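To keep things clear, I will list the structure first and then write my remarks on it.
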Amino acid sequence: EAGVTQFPSHSVIEKGQTVTLRCDPISGHDNLYWYRRVMGKEIKFLLHFVKESKQDESGMPNNRFLAERTGGTYSTLKVQPAELEDSGVYFCASSPLAGTTYEQYFGPGTRLTVT
Amino acid sequence: GQQLNQSPQSMFIQEGEDVSMNCTSSSIFNTWLWYKQDPGEGPVLLIALYKAGELTSNGRLTAQFGITRKDSFLNISASIPSDVGIYFCAGQFDFGNEKLTFGTGTRLTIIP
Numbered sequence: 238e239a240g241v242t243q244f245p246s247h248s249v250i251e252k253g254q255t256v257t258l259r260c261d262p263i264s265g266h267d268n269l270y271w272y273r274r275v276m277g278k279e280i281k282f283l284l285h286f287v288k289e290s291k292q293d294e295s296g297m298p299n300n301r302f303l304a305e306r307t308g309g310t311y312s313t314l315k316v317q318p319a320e321l322e323d324s325g326v327y328f329c330a331s332s333p334l335a336g337t338t339y340e341q342y343f344g345p346g347t348r349l350t351v352t
Numbered sequence: 512g513q514q515l516n517q518s519p520q521s522m523f524i525q526e527g528e529d530v531s532m533n534c535t536s537s538s539i540f541n542t543w544l545w546y547k548q549d550p551g552e553g554p555v556l557l558i559a560l561y562k563a564g565e566l567t568s569n570g571r572l573t574a575q576f577g578i579t580r581k582d583s584f585l586n587i588s589a590s591i592p593s594d595v596g597i598y599f600c601a602g603q604f605d606f607g608n609e610k611l612t613f614g615t616g617t618r619l620t621i622i623p
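Read top to bottom, the protein sequences are chains A and B. Going by this note's numbering, the first residue of the first sequence is number 238, and it counts up by one from there. Going by this note's numbering, the first residue of the second sequence is number 512, and it counts up by one from there.
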């Protein structure tokens, strides 16, 4: 079974530019989460999709961040315009809707560097 | 927001030694999870704990869910080189509020 995949693995952009990160969850997982780890700090929750609906977006830093999950499959996280403090590693995780919903499986992350 | 204090921040040990790390929270969680992150990879789930007082093992790893629901610890026995990495605790409330709150991580280094 394929795990959670994320693209790209690394992205270096200039301040003010736009970047779009993609996450493909484990097939059949209706729950999809975005997290972020800024250098040296803890991993922080950004938002949670159940299928195509946003269940919880309380962790989104500001309106420069836009997450979508059209069709309830893969998800994108767009940062526009990017600022220096957006640098960090963005993780995606997924879990099934039924059964053991507490165990979230993480992708390898996208390392974003804003210069 | 919720805060998880994880200690120690880093550990330098020799191969074969036992390791212990813990997390404490200002809030009650209904689930505690322990993850390990290798360089360039995402966190990998090691152990999940669902009941206060629960003690669960996974090979050389043992974790416990504190009675107060505000803490958890992870022990690694007889460490080996592949144990190197960053260990994170994470707390979760319940169905419908499933976001994970992570600790700051414990970096484990094995001295040759």
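Note that beta-carbon positions come from the ideal geometry of N, C-alpha and C, so glycine has one too. Quick caveat: nothing in here was measured; it's all calculated off a predicted structure.
Go ahead and pull the three-state DSSP assignment for residue i.
| i | result |
| --- | --- |
| Phe321 of chain A | According to the sequence shown, residue 321 of chain A is Leu rather than Phe. Of the three classes helix, strand and coil, the one that applies to Leu321 of chain A here is helix, per DSSP. |
| Gly553 of chain B | coil |
| Gly602 of chain B | strand |
| Gly309 of chain A | helix |
| Asp293 of chain A | strand |
| Asp267 of chain A | coil |
| Ser246 of chain A | coil |
If you draw a straight line from the alpha carbon of residue i to that of residue j, how long is it in whole angstroms?
| i | j | result |
| --- | --- | --- |
| Thr257 of chain A | Ile250 of chain A | 11 Å |
| Val287 of chain A | Asn541 of chain B | 21 Å |
| Gly565 of chain B | Phe584 of chain B | Just to set this straight, residue 565 of chain B is Glu in the shown sequence, not Gly. Taking the straight line from one Cα to the other gives about 11 Å. |
| Gln254 of chain A | Gln292 of chain A | 28 Å |
| Glu201 of chain A | Ser588 of chain B | For chain A, the structure presents residues 238 to 352; residue 201 of chain A sits outside this window and is missing. |
| Ser332 of chain A | Ser590 of chain B | 30 Å |
| Gly309 of chain A | Leu303 of chain A | 16 Å |
| Lys610 of chain B | Tyr270 of chain A | 8 Å |
| Phe604 of chain B | Ala330 of chain A | 17 Å |
| Asn516 of chain B | Ala574 of chain B | 16 Å |
| Leu544 of chain B | Gly553 of chain B | 15 Å |
| Asp261 of chain A | Ser538 of chain B | 32 Å |
Take residue i and list the residues in its own chain whose beta-carbon comes closer than 8 Å to its own, dropping the five residues that flank it on each side.
| i | result |
| --- | --- |
| Lys281 of chain A | Tyr272, Arg273, Arg274, Val275 and Gly296 |
| Ser324 of chain A | Val275, Met276, Leu349, Thr350 and Val351 |
| Ala563 of chain B | Phe576, Gly577, Ile578, Thr579 and Arg580 |
| Lys252 of chain A | Pro318, Ala319, Glu320, Leu321, Val351 and Thr352 |
Below 6 Å CB to CB, which residues in the same chain sit around residue i once its five sequence neighbours on both sides are set aside?
| i | result |
| --- | --- |
| Ile597 of chain B | Gln548, Gly616 and Arg618 |
- the segment 340–349 of chain A in contact with the segment 239–246 of chain A per 3-pair CB rule at 8 Å: In short, these stretches touch, since the Cβ pair count reaches three.
- Count the CB pairs spanning the segment 300–319 of chain A and the segment 526–539 of chain B that are closer than 8 Å, and state whether there are at least three. The answer is no - the segment 526–539 of chain B does not touch the segment 300–319 of chain A, with fewer than three Cβ pairs under 8 Å.
- Taking 8 Å as the threshold, find out whether the segment 244–253 of chain A comes into contact with the segment 282–301 of chain A through three or more Cβ pairs. Three or more beta-carbon pairs separated by less than 8 Å are not found between the segment 244–253 of chain A and the segment 282–301 of chain A, which leaves the two stretches without contact.
- Message: Please give me, in chain order, every unbroken run of the beta strand (DSSP E) with length at least 3 that falls completely inside the segment 517–579 of chain B.
- Response: The qualifying runs are 521–525, 530–536, 542–548, 555–560, 566–569 and 572–576.
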